[in-house]
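Before any comments, here is the structure.
Numbering (the numbering used here), first residue to last: 3 to 305.
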């Protein structure tokens, strides 16, 4: 039967507290030069001289590399600074949430001063690890990822691996694609007397100083001359590392024109220390057992 693939759909949500955000469409947010929204959507006198909470989904506007978020105050209601605080960027995948960035510092936003935040997506590193039983013959097992040759293992004859489990690990970053990835183990048609089982299979993603699990299967899966092993996993979007608030001044007669970036307020270098604790993508993939070209699909699937 065909595999049932659980596709993780990442979503990025920006949330914050805004002081005196009371006039309809008084504040404008853009991301990478594209309009996100204007806030509040209508006159909100209840927000006058108090903090109110706001949030918006920015998933469709996120791009690889450097992203720039700008908050601009309209050129009216200039008597009060509409301060921004408790700014957070969160990544949601299925029922799990990772806090990518948090800044509790109150930052000024008014008719003569915008707020600009820049954040960058780092290069992800994908690593696959597993235990292989009786992986003793040089190049006895061949691994492919998305149809491309990954490795033939072990590299040399390894009689010490006979009838025992041995750990293996590979960096698979260069062959991982966005979305669904297909990983296949093949056993060569010799040394067929023993099943070269695979167990504790795991795909992990390293971002900055944090590592999270994309897929894991602790079960023992058979691999033999007659039966290959195919794994489908979904590569999530890499999370942002840092946001840096920038103080900007603008001309009072044209609030949409940034005329001078004057100083960096902070340089946070925020490297997601708690990401693994809050964000473990366990089982975002499927596992199939597929017969070799001389056999037939076993029809076994695992969520």
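Glycine included, every Cβ here is placed at the ideal spot set by N, Cα and C.
Point to revise | 3 or more residues per run - each beta strand (DSSP E) lying fully within the stretch 164–206 | key: 167–173 and 181–189
Review point. Quick one: is residue 48 buried, meaning 16 or more other Cβ sit within 10 Å of its Cβ, or exposed?
Key: For the purposes of this step, residue 48 is identified with residue 46 of the chain shown, where counting begins at 1. Answer is exposed; the Cβ neighbour count stays below 16.
Exercise for review: Report yes if the CB atom of residue 117 is closer than 7 Å to the CB atom of residue 73, and no otherwise.
Suggested key: As a position in the chain shown, residue 117 is number 115, starting the count at 1. As a position in the chain shown, residue 73 is number 71, starting the count at 1. In terms of Cβ geometry, residue 117 and residue 73 form a close pair [threshold 7 Å].
Review point. Quick one: is residue 253 buried, meaning 16 or more other Cβ sit within 10 Å of its Cβ, or exposed?
Key: By 1-based counting over the chain shown, the position of residue 253 is 251. Only weak support is given to the placement of residue 253: the predicted model assigns it a pLDDT of 34, under 50, and the value that follows is read from those uncertain coordinates. Of the residues assessed, residue 253 falls on the exposed side of the cut-off, its CB having fewer than 16 other CB atoms within 10 angstroms.
Review point. Tell me the DSSP bridge mates of residue 60?
Key: As a position in the chain shown, residue 60 is number 58, starting the count at 1. None; residue 60 has no bridge partner.
**Study point:** Close-in-space but distant-in-sequence residues of the same chain around residue 167 (CB under 6 Å, 5 per side omitted)
**Key:** Position 165 of the chain shown, counted from the start, is the residue given in the question as residue 167. The beta carbon of residue 167 is closer than 6 Å to those of 133 and 135 in its chain, skipping five residues each way along the sequence.
Check your understanding: With distances taken from CA atoms, which of 94, 177 and 150 is nearest residue 17?
Key -> Along the chain shown, read from residue 1 onward, the residue named residue 17 stands at position 15. The shortest Cα separation from residue 17 among 94, 177 and 150 belongs to 94.
Practice item. Assuming residue 19 contacts residue 87 (C-beta within less than 8 Å), just tell me the rounded distance between them. Key: For this step, residue 19 is matched to residue 17 along the chain shown. For this step, residue 87 is matched to residue 85 along the chain shown. Residue 19 to residue 87, Cβ: 5 Å. Contact.
Exercise for review: Would you please state the rounded distance, in angstroms, between the beta carbons of residue 207 and residue 214? I believe it to be under 8 Å.
Suggested key: Counted from its first residue, the chain shown places residue 207 at position 205. Counted from its first residue, the chain shown places residue 214 at position 212. Indeed they touch by this definition, with Cβ atoms about 5 Å apart.
**Study point:** For residue 82 and residue 217, the rounded distance between their alpha carbons
**Key:** The residue labelled residue 217 in the question sits at position 215 within the chain shown. The residue labelled residue 82 in the question sits at position 80 within the chain shown. Taking the straight line from one Cα to the other gives about 50 Å.
Review point. Excluding the five sequence neighbours on either side, which residues of its own chain have a C-beta within less than 8 Å of the C-beta of residue 159, listed in chain order?
Key: Position 157 of the chain shown, counted from the first residue, corresponds to residue 159. Cβ within range, chain order: 138, 139 and 140.
Check your understanding: If we call anything under 7 Å between Cβ atoms a contact, is residue 39 one with residue 33?
Key -> For the purposes of this step, residue 39 is taken as the residue at position 37 of the chain shown. For the purposes of this step, residue 33 is taken as the residue at position 31 of the chain shown. No, the Cβ-Cβ distance between residue 39 and residue 33 is not below 7 Å.
Check your understanding: CB-CB under 7 Å to residue 257, same chain, minus the five flanking residues each way: which ones, in chain order?
Key -> On the chain shown, residue 257 is found 255 positions in, with the first residue counted as 1. For residue 257, the pLDDT reaches just 36, beneath the cut-off of 50, and the residue's location in the model is therefore unreliable, although a value from the coordinates is still provided. Counting only Cβ-Cβ distances below 7 Å, and skipping sequence neighbours, we find 74, 75, 76, 77 and 113.
Practice item. If I'm right that residue 224 touches residue 197 with Cβ under 8 Å, what's the distance once you round it to whole angstroms? Key: As a first step, residue 224 must be located in the chain shown, where it is residue number 222. As a first step, residue 197 must be located in the chain shown, where it is residue number 195. So it is a contact: roughly 5 Å between Cβ atoms.
Review point. Taking the Cβ atom as the reference point for each residue, do residue 174 and residue 236 lie within a distance shorter than 7 Å?
Key: Position 172 of the chain shown holds residue 174. Position 234 of the chain shown holds residue 236. Going by C-beta atoms, residue 174 is not nearer than 7 Å to residue 236.
Point to revise | Opening and closing residue of the beta strand (DSSP E) in which residue 151 lies | key: Taking the first residue of the chain shown as position 1, residue 151 is located at position 149. Residues 150–155.
Review point. Buried or exposed: where does residue 59 fall if 16 or more other Cβ atoms within 10 Å of its Cβ makes it buried?
Key: As a position in the chain shown, residue 59 is number 57, starting the count at 1. The residue is exposed, with fewer than 16 neighbouring Cβ atoms inside 10 Å.
Practice item. Please report how far the alpha carbon of residue 187 lies from the alpha carbon of residue 233, in whole angstroms. Key: Within the chain shown, the letter at position 185 stands for residue 187. Within the chain shown, the letter at position 231 stands for residue 233. CA-CA distance, residue 187 to residue 233, rounds to 9 Å.
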